[in-house]
Amino acid sequence: MNYRHIFHAGNPADVMKHAVMALILDHLRVKPAPFCVLDTHAGIGRYDLTSEAAQKTLEYENGVGRLFGAHAPHPSLTPYLDAVAAINPDGVLRAYPGSPRIARAALRPQDRLVLGELHPDDAHALRREFRDDPQVAVHEIDAYVALKAHLPPKEKRGLVLIDPPFEQPDEFSRMVEGLAAAHRRWPTGVYALWYPIKERAAVWRFQEAVEKTGIAKILLAELTWHPEDTHLRLNGSGLLIVNPPWRLDETLKETLAALHAVLPTTGGGVSVTWLAPEA
């Protein structure tokens with residue numbers, strides 16, 4: 001639990017992940033029935049971009065900094081950009097919304113947000129961030145225990161975000177096992193699993209392992225900003241989405257292409273493909 005996201009908050013990987021997350025939640029809002037969001041690696045909710053840590057890396061400048069205050073490069077990015085603007089009401093980019101804040105911005109009065117965070121300090125910060133908010137529950141809990149403890153939700157609709165820091169060498173395997181167990185408990189939920197794109201072979205092994213679970217209707221969305229296997233810290237960002245909303249694949253092709261055109265890149269591109277079709 002040594003990973004501190006403040007150094008990376010608002011970078012291109014965050015932008016891609018949170019833009020897609022906001023878009024999925026926007027789809028869930030179309031129907032009046034309530035939904036639940038379970039965020040298994042919640043972090044602290046918001047990040048101070050003026051802090052010493054964020055200023056040390058300035059990663060946000062090549063991510064959200066390329067979008068904030070400008071016209072949305074694609075209409076589908078509006079829910080995400082609205083969430084960023086909401087915590088920067090004076091029009092100056094000082095804070096970045098983590099996934100809990102992205103989710104909270106999408107909730108209607110009938111919806112609910114469950115946040116899991118294992119790091120004691122971060123869990124405390126989350127409780128402070130959402131104090132007196134009856135629609136948000138914060139639990140200091142291991143992510144994969146949270147999948148067992150909180151699924152299926154009473155709402156019967158919703159999104160599970162699994163977004164590990166990848167501190168553990170077996171994180172890909174843990175994600176596969178966690179997804180398989182969660183899907184058995186709640187097969188109709190939408191699941192979004194974020195993964196870093198560094199070495200392509202590791203990503204292939206992860207995707208093949210998920211495919212072998214037999215889970216149907218799995219979409220892969222990737223945005224890369226460097227050529228494959230350049231051995232840099234991070235070449236790109238991927239999301240494996242189970243039960244994606246209708247026509248999300250078509251929307252993501254345009255959304256991610258618009259992001260790739262705005263973000264600083266030395267190559268890479270966009271890929272939206274089906275790992276497993278609908279059964």
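Residues 1 to 279, numbered by UniProt numbering, are exactly what the sequence shown covers, in order.
In this text, a Cβ means the ideal position worked out from N, Cα and C, and glycines have one as well.
From a predicted model like this one, the values you see are computed outputs, not experimental measurements.
Residue 167 and residue 65 have their C-alpha atoms roughly 27 angstroms apart.
Residue pairing by DSSP places residue 114 opposite 38 and 137 in a beta bridge. Runs of the alpha helix (DSSP H) lying entirely within the stretch 163-216, each at least 4 residues long, are 171-185 and 200-212 in chain order.
Here residue 97 is actually not in contact with residue 128; their C-beta atoms are around 15 angstroms apart, not less than 8 angstroms. Taken atom to atom, the span from the alpha-carbon of residue 219 to that of residue 247 is near 11 angstroms. Rounded to whole angstroms, residue 224 and residue 174 show a C-alpha spacing of 24 angstroms. Separation of the CB atoms of residue 267 and residue 226 is rounded to 6 angstroms, and the pair is thereby assigned contact status at 8 angstroms. In the DSSP secondary-structure assignment, residue 96 is bridged to 47.
Look at residue 270 here: in three-state DSSP terms it is strand. Under DSSP, residue 237 shares a beta bridge with 196 and 223.
Distance from the CA of residue 75 to the CA of residue 122, rounded to the nearest whole angstrom, comes to 33 angstroms. Put simply, of 157, 101 and 156 the residue whose alpha carbon is nearest the alpha carbon of residue 137 is 101. Excluding the 5 residues flanking it on each side, residue 228 has same chain C-beta neighbours closer than 6 angstroms at 200, in chain order. Nearest to residue 262 by C-alpha distance, out of 15, 9, 8 and 7, is 15. Among the bridge pairs identified by DSSP, residue 242 is matched with 191 and 218.
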